[in-house]
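Sequential numbering from 266 applies to the sequence shown in the working numbering.
Only one structure is covered here, and it is reproduced in the block below.
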Amino acid sequence: MGKTSKQAFNIFFGNSNYNVNENTAKFIEKLFGINWGNRIWDGNINAPQIAVDDELKQILLKCINIESISFDPVDRMKHSIGKSSIEILNSRLSILPGIVDAVVYPDQDEVYNLVKTLKKENIHITVYGGGTSVTGGLISKYTGKGRTVSIDTSKLKKIELRDGIVFCGAGFTGKELEEILNTKGKTMGNFPESFNYSTVGGWIATKESGQESNQYGDIEDMVSYIELVRTDGLFSDRYSPRSSSGISVKDVAMGSEGKCGIIMNAGIKVYNLPERRHYYSYFFKSFKDGIKSLMQMEKFPTVLRLSDETETEFLFLSQNNSMATDIFSKYLSLRQVNRGSLLILINNNARFKKPSNSVYSGRTIARIWENTRYERPYFGNVLWEHGLVPDTLETSVSWENIIKLYDEAILSFNNSIRELNIAGIIMSHISHFYIDGCAIYFTFIIKTDKTDDLIKIRKNMVNVFLHNGGSITHHHGLGKFFEEFAGDNSVFMKMLRDDIFDK
Ligand SMILES: Cc1cc2nc3c(=O)[nH]c(=O)nc-3n(C[C@H](O)[C@H](O)[C@H](O)COP(=O)(O)OP(=O)(O)OC[C@H]3O[C@@H](n4cnc5c(N)ncnc54)[C@H](O)[C@@H]3O)c2cc1C
């Protein structure tokens, strides 16, 4: 067994260059009693000294070349941890997860042989796409209980565009794939906030949904073909626009979260790029007025995003004071909108009619939202640096139950922080729309040094979701953190799972 040296890596999502203006900094200082000048953590965590397993190396060399195998501690650590707040807070507290024994980067021709060899040697597998899981999906249950190898999909990048479909490797990130498609005048229309980093395989495995799902659908509507590598063979759908011939490979792979095999290739529908985007913003007197207006719609625009009063106020706080913002506030109060609720509406190719009971507030806000949509999560890094804990939870719920679920979720959060005696703030928006309901997303920030506080708040809120007819999650997947809520889903998962893949 050889030894390797101690090194650090940064656990934050993206970078920490997010510019926080004075208004926001002051607001946070006051709310949490902190000093904005003090940065207490840079997000770097030390990968411990870990041994290289020479016997494992010899096994891997039988099926994959040396350049595609890594025993580097930083690599191994990175592949054992995702971007959930529980994992980031644990890292800040130096509570590290179990670390995989090796990372391998197979190309397409190596995957099946690799999986078969690992099965023969009884070595467990975790699958790694872009590493953006927010539900503990990358935490291995086997580390320390036998060998575990992480299979990284970043070399799976075959691509072919034909028949209105892009057939592509699971390792493409959203950004990489969309850039290629755009050069051909096409788009797949899938824009999750993690677009720059998350991968095709990860989207399918977690049942992801992008910000333009109203027009292009959720990932299950976009994908029409999947190749899945399991220990018992390579399975693929016979491609055609639709088929009714039994359970498909797609049915097994969707939401499989690395438990049923490796998603190696997928076929995703592509569309012509929009000729023109139409931008609008509106205000409602209250979030609930906004919800009541939007639930009357039968057809939804490409992007529709309604923020509650707290999120609206927070967004405005981040705009620097100017004569323009003053005039804007006065204009809204003249229209009886004081502590209002902001709606962003973007539609491809055609104008979209004004929602009932709303006050029009120009195009600029929607354009700013679009230009900064992948950078906004970097604000979370700045909060982590100041000792705070940002987190998000989301669910989908019928129109009938949305207002009750919202009220009770906010109440649950406020009761939890009072009981825990910690400072916190919660805000919300709704952003994916269906004829029978919508997805609602909660963002909260707390100040704590205890992972148990965070877990308690999360569990209480998920119980509120379930109690009010909501789903466990609308688009983040179950990962390891929500497994306990999974019920019948976990029964089917047990039937379909492939035994050496992480449970
Ligand atoms: C800042 C931020 C914003 C986000 N925004 C959104 C959003 O707008 N919409 C949304 O839906 N989600 C969002 N997410 C969550 C996350 O990006 C998605 O769950 C995404 O689909 C994960 O993809 P990934 O490639 O990063 O997968 P990973 O994090 O690497 O893996 C996630 C799970 O999928 C499995 N997996 C990955 N690749 C494969 C494969 N090829 N075969 C089999 N299993 C595989 C892994 O084993 C793991 O269980 C966000 C996350 C962050 C951090």
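For each residue, glycine too, the CB sits at the ideal point set by N, CA and C.
Are S626 and H739 touching if we call contact CB-CB under 8 Å? Residue mapping note: residue 626 aligns to position 361 of the sequence shown, counting from 1. Residue mapping note: residue 739 aligns to position 474 of the sequence shown, counting from 1. Cβ distance not < 8 Å, so S626 and H739 don't count as in contact.
Is it right to say L358 is buried, meaning 16 or more other beta carbons lie within 10 angstroms of its own, or is it exposed? Locating residue 358 in the sequence shown gives position 93, where the first residue counts as 1. Looking at its Cβ environment, which holds fewer than 16 other Cβ atoms inside 10 Å, L358 is exposed.
Take K348 as the anchor and find which of I668, V654, L499 has the nearest alpha-carbon. The count along the sequence shown starts at 1 and reaches residue 348 at position 83. K348 has its Cα closest to that of V654, out of I668, V654, L499.
Is Q561 closer than 8 Å to L598 when the C-beta atoms are compared? As a first step, residue 598 is located in the sequence shown; it is residue number 333 there, counting from the start. As a first step, residue 561 is located in the sequence shown; it is residue number 296 there, counting from the start. In the sequence on display, residue 598 carries Ser and not Leu. The answer is no: Cβ separation not under 8 Å.
Consider the C-beta atom of P642 and the heavy atoms of ligand 1; say whether any pair is separated by less than 7 Å. Position 377 of the sequence shown, counted from the start, is the residue given in the question as residue 642. Answer for P642: yes, Cβ within range of ligand 1.
Which runs of the beta strand (DSSP E), 3 residues or longer, sit entirely within the region 418-477? 424-427, 430-434
With burial defined as no fewer than 16 other Cβ atoms inside 10 Å of the residue's Cβ, what is the status of L676: buried or exposed? Counted from its first residue, the sequence shown places residue 676 at position 411. Burial state of L676 is exposed, judged by a 10 Å Cβ sphere holding fewer than 16 other Cβ atoms.
Taking buried to mean at least 16 other C-beta atoms within 10 Å of its own C-beta, is N479 buried or exposed? What you label residue 479 is simply residue 214 of the sequence shown in a count that begins at 1. It counts as buried.
Quick one: Cα of I720 to Cα of I351, how far? As a working mapping, residue 720 is identified with position 455 in the sequence shown. As a working mapping, residue 351 is identified with position 86 in the sequence shown. For I720 and I351, the distance between alpha carbons rounds to 7 Å.
Whole-Å CB distance - T391 paired with L403, under 8 Å assumed: Looking up residue 391 in the sequence shown gives position 126. Looking up residue 403 in the sequence shown gives position 138. Taking the Cβ atoms as the reference, T391 lies roughly 6 Å from L403, within the contact range of under 8 Å.
I'd like to confirm something about K715: is its beta-carbon nearer than 7 Å to some heavy atom of ligand 1, or not? What you label residue 715 is simply residue 450 of the sequence shown in a count that begins at 1. No, ligand 1 has no heavy atom inside 7 Å of this Cβ.
If I measure Cβ to Cβ from L354 and keep anything under 7 Å in the same chain, skipping five residues before and after, which residues do I get? Numbered from its first residue, the sequence shown carries residue 354 at position 89. Cβ within range, chain order: V654, T716, L719.
Taking contact to mean at least 3 C-beta pairs separated by less than 8 Å, is the region 561-580 in contact with the region 677-688? no
Between S623 and S546, what straight-line distance do the alpha-carbon atoms span, to the nearest angstrom? As a position in the sequence shown, residue 623 is number 358, starting the count at 1. As a position in the sequence shown, residue 546 is number 281, starting the count at 1. For S623 and S546, the gap between their C-alpha atoms comes out near 9 Å.
Specify the secondary structure class of E659 as computed by DSSP and reduced to three states. Taking the first residue of the sequence shown as position 1, residue 659 is located at position 394. Looking at E659 - three-state DSSP - the assignment turns out to be strand.
Can you tell me whether DSSP reads A316 as helix, strand or coil? For the purposes of this step, residue 316 is identified with residue 51 of the sequence shown, where counting begins at 1. Three-state result, A316: coil.
Residue environment, R762, which counts as buried when at least 16 other CB atoms sit within 10 Å: Within the sequence shown, numbered from 1, the residue matching residue 762 stands at position 497. Buried.
Below 8 Å between beta carbons: does that hold for G308 and W649? Within the sequence shown, numbered from 1, the residue matching residue 308 stands at position 43. Within the sequence shown, numbered from 1, the residue matching residue 649 stands at position 384. The answer is yes: Cβ separation under 8 Å.
Whole-angstrom distance between N537 and N612, CA atom to CA atom: Translated into the one-based positions of the sequence shown, residue 612 becomes position 347. Translated into the one-based positions of the sequence shown, residue 537 becomes position 272. Using only the alpha carbons, I get a separation of about 15 Å.
Give the straight-line distance between the Cα atoms of E441 and N728, rounded to the nearest whole angstrom. Locating residue 441 in the sequence shown gives position 176, where the first residue counts as 1. Locating residue 728 in the sequence shown gives position 463, where the first residue counts as 1. When rounded, the distance between both Cα atoms is 38 Å.
Report yes if the C-beta of H697 is less than 7 Å from at least one heavy atom of ligand 1; otherwise report no. By 1-based counting over the sequence shown, the position of residue 697 is 432. No, ligand 1 has no heavy atom inside 7 Å of this Cβ.
Report the CB separation of S281 from Y643 in whole angstroms; it is logged as a contact under 8 Å. Position 16 of the sequence shown holds residue 281. Position 378 of the sequence shown holds residue 643. Right, the Cβ-Cβ distance comes to about 7 Å (below 8 Å), so this counts as a contact.
Buried or exposed: where does E332 fall if 16 or more other Cβ atoms within 10 Å of its Cβ makes it buried? In the sequence shown, counting from the first residue as 1, residue 332 sits at position 67. Answer is exposed; the Cβ neighbour count stays below 16.
Say yes only if the C-beta of K759 is nearer than 7 Å to one or more non-hydrogen atoms of ligand 1, and no if none qualify. Here residue 759 refers to the residue found at position 494 when the sequence shown is read from its first residue. For ligand 1, not one heavy atom lies less than 7 Å from the Cβ of K759.
Would you give the residue range spanned by the beta strand (DSSP E) that G702 belongs to? By one-based count along the sequence shown, residue 702 stands at place 437. Residues 702-711.
Taking 8 Å as the cut-off, does the region 447-455 touch the region 467-477 (at least 3 CB pairs, one atom from each stretch)? yes
Where the alpha helix (DSSP H) through F297 begins and ends: Here residue 297 corresponds to residue number 32 of the sequence shown, with the count starting at 1. That run of the alpha helix (DSSP H) goes 287-297.
Could you say if the region 484-498 and the region 360-369 meet the contact criterion of at least three C-beta pairs nearer than 8 Å? no
Following the continuous alpha helix (DSSP H) through K669, name the residue where it begins and the one where it ends. In the sequence shown, the residue the question calls residue 669 occupies position 404. Taken as a continuous stretch (DSSP letters only), the alpha helix (DSSP H) holding K669 covers 667-685.
Same chain, Cβ closer than 6 Å to A518, five either side skipped, listed in chain order: On the sequence shown, position 253 is the one that residue 518 refers to. The residues are I469, I491, L493, I528.
In the DSSP assignment, find the beta strand (DSSP E) that holds Y699 and state where it starts and stops. To locate residue 699, count along the sequence shown from 1; it is residue 434. Y699 -> beta strand (DSSP E) spans 689-699.
Determine the contact status of L580 and L610, defining contact as a CB-CB distance below 8 Å. Along the sequence shown, one-based indexing puts residue 580 at 315. Along the sequence shown, one-based indexing puts residue 610 at 345. Taking 8 Å as the Cβ cut-off, L580 and L610 do not qualify as a contacting pair.
Between which two residues does the beta strand (DSSP E) holding H543 run? Against the sequence shown, residue 543 aligns to sequence position 278. Counting along the chain, the beta strand (DSSP E) containing H543 begins and ends at 542-549.
Considering only C-alpha positions, which residue in the set N636, G605, H697, E563 is nearest to T575? Against the sequence shown, residue 575 aligns to sequence position 310. T575 has its Cα closest to that of G605, out of N636, G605, H697, E563.
Can you tell me where the alpha helix (DSSP H) holding A631 begins and where it ends? Counting from one through the sequence shown, the residue named residue 631 turns up at place 366. Unbroken alpha helix (DSSP H) run through A631: 629-636.
Less than 7 Å between the CB of I430 and some heavy atom of ligand 1, yes or no? Taking the sequence shown and counting its residues from 1, one reaches residue 430 at position 165. Placement of the Cβ of I430 at a distance of 7 Å or more from every heavy atom of ligand 1 is found.
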